[in-house]
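Note sheet for the following structure.
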Amino acid sequence: MSAAVRAYFDVQLVDGYKSPVTGETKGATNTISMKTFPDYLFVQVQKFAYSTSDGSMKKLDIDFEVCEQLDLGAYRGNGKLAHEECLPDSAETTGPPPIPAKLRAVANELISMGFGEDASLRAAFVSNGTAEVATNWLMENIEDPHVNEKFVMPSGTPSSSGIDPNMVGAIVEMGFTEHQAKHALKQVTDVAGAIEWLFSNMDNIPVESAETGESSASSAQPEPSATAAAPARHKKYKDGGEKYELIGMISHMGSRPDSGHYVAHMLKEGKWVLFNDEKVALSQDPPKKLAYVYLYKRV
């Protein structure tokens with residue numbers, strides 16, 4: 001787990017990035033850090049893979065050496081550093097924006113399975129860079145005559161009266177309603193950012209009017225985008241120390257991740273307890289190395 005955590009927060013290369021300052025395409029580097037640390041932290045271990053022969057999902061039997069104590073202090077973000085300069089807010093760029101490395105990585109997985117490059121990029125974009133969702137979307141849309149058309153990364157700022165329907169469709173594919181998708185795209189101009197905004201701001205979306213299909217707030221007066229986005233910018237998040245201890249996990253019984261049975265273990269008063277549907281019992285040997293999701297609590 002220590003090595004996996006380091007790799008997740010390590011420097012990632014963004015291929016094909018074009019500088020809005022110099023106009024040169026020399027790539028860039030990207031790092032992830034944590035702005036706040038929650039009271040509870042879920043850690044997912046991606047212990048599944050897709051077969052290159054038939055596209056089926058397979059379970060990876062890997063013993064994962066788990067950290068019962070987790071210190072993430074090295075990964076707290078501190079914002080702009082003294083030696084760094086922010087990119088200009090508005091820079092003239094030509095052509096479509098570069099495809100993020102996260103999307104290219106998922107697309108490359110699909111290409112290795114035999115799918116076309118443009119179809120793979122489109123699936124990666126629609127899924128917001130989630131391999132499982134991208135594969136399922138591609139399987140469902142493989143007969144679509146447009147799926148292999150040239151993929152161009154969407155760009156531009158949608159207005160309240162003219163939002164790109166393709167961007168709306170991409171968000172709807174992820175399970176959101178059209179109303180939610182349109183509202184999110186008024187706050188954030190790209191699909192990936194709009195999806196992230198939705199996950200964090202579902203309570204801030206105005207109720208849609210059944211008569212007009214518009215937000216209920218806009219029936220009385222036009223909805224100012226800046227005002228609607230204000231609650232999201234001022235939302236408060238809990239923050240505290242960066243040290244955590246393992247208190248729970250979800251593990252799987254079965255040969256395939258899309259079948260079988262999931263059970264949970266929780267640490268209660270110093271003892272591990274198994275929760276298997278309605279059955280609850282003390283666990284003498286909890287399968288810490290075989291879990292798929294781990295739950296940590298701040299120390």
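Heads up: the sequence shown begins at 1 in UniProt numbering, then just goes up one per residue.
Virtual Cβ for every residue (Gly too), placed ideally from N, Cα, C.
Report back the beta-carbon spacing between Gly-16 and Ile-99 to the nearest angstrom; my notes put them in contact at under 8 Å.
Residue 16 sits at position 16 when you count from the first residue of the sequence shown. Residue 99 sits at position 99 when you count from the first residue of the sequence shown. Correct: roughly 7 Å between the Cβ atoms.
Can you tell which of Leu-103, His-252, Gly-241 has its C-alpha closest to the C-alpha of Phe-48?
Counting from one through the sequence shown, the residue named residue 48 turns up at place 48. Comparing C-alpha distances from Phe-48 to each of Leu-103, His-252, Gly-241 shows the shortest one belongs to His-252.
Quick check: what's the CA-CA separation for Val-299 versus Asp-39?
Within the sequence shown, residue 299 is the residue found at index 299, counting from 1. Within the sequence shown, residue 39 is the residue found at index 39, counting from 1. Distance between the alpha carbons of Val-299 and Asp-39: 9 Å.
Have a look at the DSSP bridge pairing and note the partners of Ala-28.
Translated into the one-based positions of the sequence shown, residue 28 becomes position 28. The partner list for Ala-28 (beta bridge, DSSP) reads Val-14.
Quick check on Ile-163: does DSSP put it in helix, strand or coil?
Residue numbering aside, residue 163 sits at position 163 when the sequence shown is read from its first letter. The answer is coil: DSSP assigns Ile-163 none of H, G, I, E or B.
Does Val-106 come out as helix, strand or coil in the three-state DSSP assignment?
Taking the first residue of the sequence shown as 1, we reach residue 106 at position 106. Residue state, collapsed to three classes: helix.
Could you tell me if Ala-284 is buried or exposed, where buried requires 16 or more neighbouring beta carbons within 10 angstroms of its beta carbon?
Position 284 of the sequence shown, counted from the first residue, corresponds to residue 284. Here residue 284 turns out to be Gln, not Ala, going by the sequence shown. Here Gln-284 is exposed. Its C-beta has fewer than 16 other C-beta atoms within 10 Å.
Just to confirm the assignment, what range does the beta strand (DSSP E) spanning Ile-247 have?
Within the sequence shown, numbered from 1, the residue matching residue 247 stands at position 247. First-last of the beta strand (DSSP E) with Ile-247: 243 to 253.
With DSSP run on the structure shown, which of helix, strand or coil describes Glu-196?
Sequence index remark: in the sequence shown, residue 196 carries index 196 (1-based). Here Glu-196 sits in helix by DSSP.
Starting from His-261 and walking both ways along the alpha helix (DSSP H), at which residues does that stretch end?
In the sequence shown, residue 261 corresponds to position 261, counting from 1. For His-261, no alpha helix (DSSP H) encloses it; the enclosing beta strand (DSSP E) starts and ends at 261 to 268.
Return helix, strand or coil for Asp-203, following the three-state DSSP convention.
In the sequence shown, residue 203 corresponds to position 203, counting from 1. Assignment of Asp-203 by DSSP, reduced to helix, strand and coil, places it in the helix class.
Between which residues of its own chain and Leu-13 is the CB-CB distance below 7 Å, once the five residues before and five after are set aside?
Indexing the sequence shown from 1 puts residue 13 at position 13. The residues are Gly-27, Thr-29, Ala-101.
For the candidate residues Gly-270, Phe-151, Ile-247, Glu-109, whose alpha-carbon lies nearest to that of Pro-133?
The residue you call residue 133 lines up with position 133 of the sequence shown. Sequence check: residue 133 is Val here, not Pro. If we check each option's Cα against that of Val-133, Glu-109 comes out closest.
Rounded Cβ spacing between Ile-163 and Lys-182 (contact assumed at less than 8 Å)
Position 163 of the sequence shown holds residue 163. Position 182 of the sequence shown holds residue 182. Right, their Cβ atoms sit about 5 Å apart.
Got a sec? Which residues, its chain only, sit under 6 Å from Trp-272 by beta carbon, not counting five neighbours each side?
If you number the sequence shown from 1, residue 272 lands on position 272. Cβ within range, chain order: His-265, Ser-283, Pro-286.
Considering Cα atoms alone, identify which of Asp-63, Ala-4, Ile-250 is closest to Asn-276.
Here residue 276 is taken as the residue at index 276 of the sequence shown, counted from 1. A check of alpha carbon separations from Asn-276 across Asp-63, Ala-4, Ile-250 identifies Ile-250 as the nearest.
How many angstroms separate the CA atom of Glu-173 from the CA atom of Pro-165?
Start at 1 with the first residue of the sequence shown, and residue 173 comes out as number 173. Start at 1 with the first residue of the sequence shown, and residue 165 comes out as number 165. Rounded to the nearest angstrom, the two C-alpha atoms are 12 Å apart.
Specify the secondary structure class of Leu-41 as computed by DSSP and reduced to three states.
The residue labelled residue 41 in the question sits at position 41 within the sequence shown. Strand.
Between Ala-123, Met-1, Ala-192, Ser-112, which has its C-alpha nearest Gln-69's C-alpha?
In the sequence shown, the residue the question calls residue 69 occupies position 69. For Gln-69, the nearest C-alpha among the options comes from Met-1.
In whole angstroms, what is the alpha-carbon distance linking Lys-297 and Asp-118?
As a working note, residue 297 is residue 297 in the sequence shown. As a working note, residue 118 is residue 118 in the sequence shown. Take the alpha-carbon of Lys-297 and the one of Asp-118: they are about 42 Å apart.
Near Glu-245, which residues of its chain fall below 7 Å by C-beta distance, leaving aside the five closest residues on each side in sequence?
As a first step, residue 245 is located in the sequence shown; it is residue number 245 there, counting from the start. These residues qualify, in order along the chain: Glu-68, Gln-69, Tyr-296, Lys-297, Val-299.
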